[in-house]
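Novice: I'd like to ask you about the structure that follows.
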Amino acid sequence: MTRKSALNPRDWDSHPRQLHAAYGSTLHRAQALPPLPLPADGGEIAGPSFRAPDVREADADLTRNGASAGAAIGERIVVSGRVLDERGRALRGALVEIWQANAAGRYAHERDQHDAPLDPNFLGAGHALTDASGRYRFTTIRPGAYPWRNHPNAWRPAHIHFSVIADAFAQRLVTQMYFPGDPLLPLDPIFNATENRAARKRLVARFSQSLTEPEWALGYSFDIVLRGPLSTPWES
Amino acid sequence: MLGQTPSQTIGPFFSHALTAPSRDYRPPLGWVLAEDPVPGALIRVRGKLLDGTGKPVSDGMVELWQAGSEGEFRCDGKFRGYGRCGTDGSGLFRFQTVKPGSTGPGLAPHLHLAVFARGMLNHAFTRAYFSDEPAANAGDPVLSSVAADRRPTLIARRRGGEATYDFDIVLQGDGETVFFDA
Chain A
5 MTRKSALNPR
15 DWDSHPRQLH
25 AAYGSTLHRA
35 QALPPLPLPA
45 DGGEIAGPSF
55 RAPDVREADA
65 DLTRNGASAG
75 AAIGERIVVS
85 GRVLDERGRA
95 LRGALVEIWQ
105 ANAAGRYAHE
115 RDQHDAPLDP
125 NFLGAGHALT
135 DASGRYRFTT
145 IRPGAYPWRN
155 HPNAWRPAHI
165 HFSVIADAFA
175 QRLVTQMYFP
185 GDPLLPLDPI
195 FNATENRAAR
205 KRLVARFSQS
215 LTEPEWALGY
225 SFDIVLRGPL
235 STPWES
Chain B
424 MLGQTPSQTI
434 GPFFSHALTA
444 PSRDYRPPLG
454 WVLAEDPVPG
464 ALIRVRGKLL
474 DGTGKPVSDG
484 MVELWQAGSE
494 GEFRCDGKFR
504 GYGRCGTDGS
514 GLFRFQTVKP
524 GSTGPGLAPH
534 LHLAVFARGM
544 LNHAFTRAYF
554 SDEPAANAGD
564 PVLSSVAADR
574 RPTLIARRRG
584 GEATYDFDIV
594 LQGDGETVFF
604 DA
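Chains as they are written, first to last, in my numbering: chain A, 5 to 240; chain B, 424 to 605.
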């Protein structure tokens, strides 16, 4: 456990509502009743700490960690960013896990039946811990778009799933990172489940020339902001 | 103040990354939080994740965060305090852990849970208290704050003589589990 202080509430103007009719799977899985409040000092404001044995450095390179006999196919990219709280403070030692489809838009998952090739050298799963400045860094393949059956001719925009576990259980976040300029974004019910346009923009990575590695890979920057310590009116 | 990054659904295709070993990949978290010998009583917690039509959710994930047997929050070699389990074709999840101690005066022992699934745009937080702690439960401020008719959804039920507790989670509708805005 690294910290125990009350947290700002989840910002329900930034997070989507549970029931979003355009995303059909929410219909039977969204809670019908509102969540109940908890005391601010419950065990939810504590959280785990992860240590080296749990995390292999090799698992930050998805072009290699699933390879059986060669390089993963597709456009190599670097995805890096900082995990911060709302006050901009770096969250060190956060566990960041990512997973994604391959370059052809197919997951290495038994239930993904999309008629697109699997890549024997790409699993599409990795993880890393943030450093003292809250930074994580992955090397991976740019994922492809893929169809789903939510509505006629529905396609998910290219995205990378992110899971973040930081200092407090209550800060837990699972989200998706999208790519700038994707024409599918305005059509995607999951991306647009977040009604607030400014909040939605936080889900789109920025192209970064400084993260781009010459002769090797384009870089994308994606910062993640979690709930921070409770702000009080007299603090600036 | 920076704006919070919005939550998005975990989607249907996460198990190869988060809950099940795949090729050489080992997700950093699993359903075993503690193994014998460990201070305290080793227990199993199992349950079914159900949707609003009563159907099992076979592509969900439950995470568990809890105190150790003395009520302390820690993560070390013997006791991890944090775990996760994907649901199977019957919606079942399970954990092997220790029974937590009380984390403060008047607080009944409990587990902190987070539920994820395709179709859930945000994860949902809940708590599991223990059926064999009636006296502690009766005095717990969180349990007492919940309407009596919904309180049973927060109780993990001990099976006869076994150190196994059943805790089903209903996402919606009849018998909807109490979720918290943690």
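All C-beta atoms, glycine included, are put in the ideal place defined by N, C-alpha and C. Note that the structure is predicted; figures quoted are calculated from it, not measured.
Between the alpha carbons of R446(B) and P557(B), how many angstroms are there, rounded?
Specialist: Cα-Cα distance, rounded: 45 Å.
Novice: From K205(A) to E493(B), what distance separates their C-alpha atoms?
Specialist: In a straight line, the C-alpha of K205(A) is about 44 Å away from that of E493(B).
Novice: Anyone know if the C-beta pair for I194(A) and L456(B) falls short of 9 Å?
Specialist: No; because the gap between Cβ atoms is not below 9 Å, this pair is not in contact.
Novice: Please name the residue in P156(A), W152(A), A76(A) and Q104(A) whose C-alpha comes closest to that of S167(A).
Specialist: Nearest of P156(A), W152(A), A76(A) and Q104(A) to S167(A), Cα basis: Q104(A).
Novice: What does R517(B) reach in chain A if we use C-beta pairs closer than 7 Å?
Specialist: Residues of chain A passing the Cβ test: none, with the nearest at roughly 19 Å.
Novice: Does P237(A) get closer than 9 Å to chain B when you measure Cβ to Cβ?
Specialist: For P237(A), the predicted structure reports a pLDDT of 48, less than 50, and the residue's modelled location is therefore unreliable. A value from the coordinates is still provided. Chain B, which has no Cβ nearer than 9 Å to the Cβ of P237(A), makes this no.
Novice: L452(B) and V521(B): beta carbons closer than 9 Å?
Specialist: No, Cβ-Cβ distance for L452(B) and V521(B) is not below 9 Å.
Novice: Based on DSSP bridge pairs, tell me the residues matched to D186(A).
Specialist: Beta-bridge pairing links D186(A) to no other residue.
Novice: For N560(B), would you say it is in contact with chain A, using Cβ-to-Cβ distances shorter than 9 Å as the test?
Specialist: Cβ-Cβ to chain A under 9 Å: no for N560(B).
Novice: Applying the criterion that 16 or more other CB atoms from any shown protein chain within 10 Å of the CB defines a buried residue, is S240(A) buried or exposed?
Specialist: Its pLDDT being 36, under 50, S240(A) is placed unreliably in this model, and the coordinates cannot settle the point.
Novice: Would E556(B) pass as an interface residue toward chain A - the criterion being a Cβ-Cβ separation below 9 Å?
Specialist: With 9 Å as the cut-off, E556(B) does not count as an interface residue toward chain A.
Novice: Return the first residue and the last residue of the alpha helix (DSSP H) that I225(A) is part of.
Specialist: Correcting the residue identity first, residue 225(A) is Ser in this sequence and not Ile. No alpha helix (DSSP H) holds S225(A); the beta strand (DSSP E) holding it covers A221 to S225.
Novice: Nearest-angstrom Cα distance between S18(A) and S137(A)?
Specialist: If I take the Cα positions, the gap works out to 25 Å.
Novice: Using Cβ-Cβ distances below 9 Å, what residues of the region 433 to 464 of chain B are close to chain A?
Specialist: Cβ contacts with chain A come from I433, G434, P435, F436, F437, S438, H439, A440, L441, S445, R446, D447, Y448, R449, P450, P451 and L452.
Novice: Do L441(B) and R507(B) have their C-beta atoms closer together than 9 Å?
Specialist: Closer than 9 Å, so yes.
Novice: Go through the region 68 to 115 of chain A residue by residue and report every complete run of the beta strand (DSSP E) that reaches 3 residues or more, in order.
Specialist: Listed in chain order, the complete beta strand (DSSP E) runs (minimum 3 residues) inside the region 68 to 115 of chain A are 80 to 89 and 99 to 104.
Novice: Are the C-beta atoms of V59(A) and some chain B residue less than 9 Å apart?
Specialist: Yes, V59(A) lies at the interface with chain B (some Cβ there is under 9 Å from its Cβ).
Novice: Between the Cα of W488(B) and the Cα atoms of H113(A), G46(A) and G128(A), which residue gives the shortest distance?
Specialist: Ranking the options by Cα distance to W488(B), first place goes to G46(A).
Novice: If you count every other CB in all the chains shown that lies within 10 Å of the CB of R201(A), and 16 or more means buried, which is it?
Specialist: Result: exposed.
Novice: Assuming P13(A) is part of the beta strand (DSSP E), what are its boundary residues?
Specialist: That residue, P13(A), is in no beta strand (DSSP E); it is neither H nor E in DSSP.
Novice: If you reduce the DSSP assignment to three classes, tell me which class G128(A) lands in.
Specialist: Here G128(A) sits in coil by DSSP.
Novice: Measuring straight from C-alpha to C-alpha, what distance separates N51(A) and A490(B)?
Specialist: Checking the sequence shown, residue 51(A) turns out to be Gly, not Asn. For G51(A) and A490(B), the distance between alpha carbons rounds to 10 Å.
Novice: Excluding five sequence neighbours on each side, which residues of the same chain lie with their C-beta closer than 7 Å to the C-beta of A149(A)?
Specialist: So the qualifying residues of the chain are G109, W159, R160, P161, A162 and L188.
Novice: Touch check for the region 596 to 604 of chain B and the region 26 to 40 of chain A: three-plus C-beta pairs under 8 Å?
Specialist: With the cut-off at 8 Å, the region 596 to 604 of chain B and the region 26 to 40 of chain A touch.
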